[in-house]
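Accompanying notes for the structure given below.
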Amino acid sequence: YNTKPTFTGAKTAVVQTLGDEYRLRHLSWINDMAKRVSEATNGEVGYIYVPSTGVDGQNELIRQFNAQWQKKGLIIDERFNDGGQIPDRFIELLNRDPLAYWAIRDGSPWPWPPYAHFGPKVMLMNGWSGSGGDAFPDYFRRKGLGPLIGTRTWGGLIGISGTPPLIDGGNVTAPSFRMYNPDGTWFKEGHGVDPDIAVDENLGSMARGVDPQLEKAIEEVKKLMKTKEYKKPQPPSVEKRGI
């Protein structure tokens with residue numbers, strides 16, 4: 353390269369190109385969704401995308417939650433969640449109740465646990481959400497955290513584990529465990545989790561930059577903020593304490 357149209361004095365640079373731009377496009381999509389939610393709610397609602405229930409999904413949930421737990425409402429997007437582990441810790445984080453508040457001399461009271469969201473929530477899901485991505489909305493509904501919006505999940509929670517390799521390098525697998533519910537019923541294997549509010553993916557709209565499922569989630573969380581807004585209690589009157 354050179355600042356002049358000549359090889360004289362030109363320098364050589366080795367450019368290392370990307371082998372795959374999927375990660376960049378995926379991050380751009382997530383950022384677009386978060387920006388849309390913020391603009392449509394005047395910054396009052398947070399958007400958290402959870403790509404899996406494995407290590408990367410846990411990291412993303414914690415990272416995004418810590419930046420948005422003080423929002424009035426949350427949209428949890430688990431569309432295309434490809435599972436990994438059973439998301440009990442995910443639900444524990446999203447289902448924290450206030451246990452106490454600390455009144456301090458200088459500043460506003462703060463809650464305990466300190467990192468918790470007590471406001472309304474909704475969850476987005478679709479047919480590409482499976483395994484742990486099935487369990488996540490199932491537990492979300494069971495704990496009454498908010499409505500499920502989108503399309504039915506994949507429906508795969510029969511597991512395979514501990515299969516020994518064969519001498520030729522291949523292996524044979526057989527299902528070895530299946531999830532059932534506390535009420536003694538089986539999880540709907542092969543069917544998945546049905547949404548509370550069904551909204552199909554509209555590829556035409558999405559190509560124009562409009563996500564119908566996300567728009568419905570924004571609409572629903574704004575409704576919930578009017579009817580189920582969490583209001584932090586004020587400290588009681590100062591007690592007269594002394595000898």
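Per our numbering, residue 353 is the first one in the sequence shown, and the count goes up by one each step. Glycine is no exception: its CB is placed at the ideal position from the N, C-alpha and C atoms.
Give me whichever residues DSSP pairs with residue i in a beta bridge.
{"i": "A487", "result": "For A487, which the question treats as bridged, DSSP gives no partner whatsoever."}
{"i": "R377", "result": "Looking at the DSSP assignment, R377 forms no beta bridge with any residue, so it has no partner."}
{"i": "D429", "result": "Y401, L476"}
Only counting the same chain, and skipping five residues up and downstream in sequence, which positions put a Cβ closer than 6 Å to that of residue i?
{"i": "W480", "result": "F432"}
{"i": "Y491", "result": "I443"}
{"i": "N554", "result": "P564"}
{"i": "W538", "result": "Y532"}
{"i": "D429", "result": "Y401, L476"}
{"i": "Y582", "result": "F470, G471"}
{"i": "N478", "result": "R431, G502, T503"}
{"i": "Q416", "result": "I400"}
{"i": "L576", "result": "P472"}
From this set, the options, which residue's C-alpha is nearest residue i's C-alpha?
{"i": "G542", "options": "W506, P588, E567", "result": "W506"}
{"i": "L509", "options": "T355, T405, I400", "result": "T405"}
{"i": "K574", "options": "D384, S390, L376", "result": "S390"}
{"i": "M475", "options": "V524, A487, A455", "result": "A487"}
{"i": "Y401", "options": "N394, L413, G395", "result": "L413"}
{"i": "G459", "options": "K592, Q586, G594", "result": "Q586"}
{"i": "G425", "options": "G594, G482, A362, P499", "result": "P499"}
{"i": "D535", "options": "P547, R494, E572", "result": "R494"}
{"i": "R530", "options": "K356, G484, P465", "result": "G484"}
{"i": "D434", "options": "P403, L576, R560", "result": "P403"}
{"i": "V545", "options": "G511, I501, P588, E396", "result": "I501"}
{"i": "K514", "options": "A526, W381, A569", "result": "One detail in the question is off: residue 514 reads as Gly in this sequence, not Lys. For G514, the nearest C-alpha among the options comes from A526."}
{"i": "A550", "options": "G361, E572, K540, K356", "result": "E572"}
{"i": "K584", "options": "P461, K578, R441", "result": "P461"}
Excluding the five sequence neighbours on either side, which residues of its own chain have a C-beta within less than 8 Å of the C-beta of residue i, listed in chain order?
{"i": "L497", "result": "I443, L446, N447, K473, M475"}
{"i": "W464", "result": "P450, L451, A452, Y453, W454"}
{"i": "I570", "result": "R388, V389, A392, T393, V397, I427"}
{"i": "D548", "result": "R493, P499, L500, I501"}
I'd like to confirm something about residue i: is its beta-carbon nearer than 6 Å to some heavy atom of the ligand GTP, or not?
{"i": "V524", "result": "This structure does not include the ligand GTP; it has no bound ligands of any sort."}
Taking 7 Å as the limit between beta carbons, can you name the residues of its chain near residue i, skipping five residues before and five after?
{"i": "S528", "result": "G511, I512, S513, G514"}
{"i": "G361", "result": "N354"}
{"i": "K601", "result": "Limits of the chain in this structure are 353 at one end and 595 at the other, which puts residue 601 out of reach."}
{"i": "P439", "result": "T405, G484, A487, F488, Y491"}
Validate contact between the stretch 419-435 and the stretch 467-477 using beta carbons, cut 8 Å, 3 pairs: Yes, since at least three Cβ pairs between the stretch 419-435 and the stretch 467-477 fall closer than 8 Å, the two stretches touch.
Secondary structure, beta strand (DSSP E): runs of 3+ residues fully inside the stretch 438-502: If we require 3 residues or more, the beta strand (DSSP E) runs fully inside the stretch 438-502 come out as 452-454, 462-464, 473-477, 500-502.
Indicate whether the contact test is met: 3 or more Cβ pairs, each with one atom in the stretch 561-576 and one in the stretch 513-530, closer than 8 Å. Judged by Cβ distances under 8 Å, the stretch 561-576 makes no contact with the stretch 513-530, as fewer than three pairs qualify.
At what residue ranges does the stretch 507-580 contain a whole run of the alpha helix (DSSP H), taking only runs of 4 or more? If we require 4 residues or more, the alpha helix (DSSP H) runs fully inside the stretch 507-580 come out as 555-559, 564-579.
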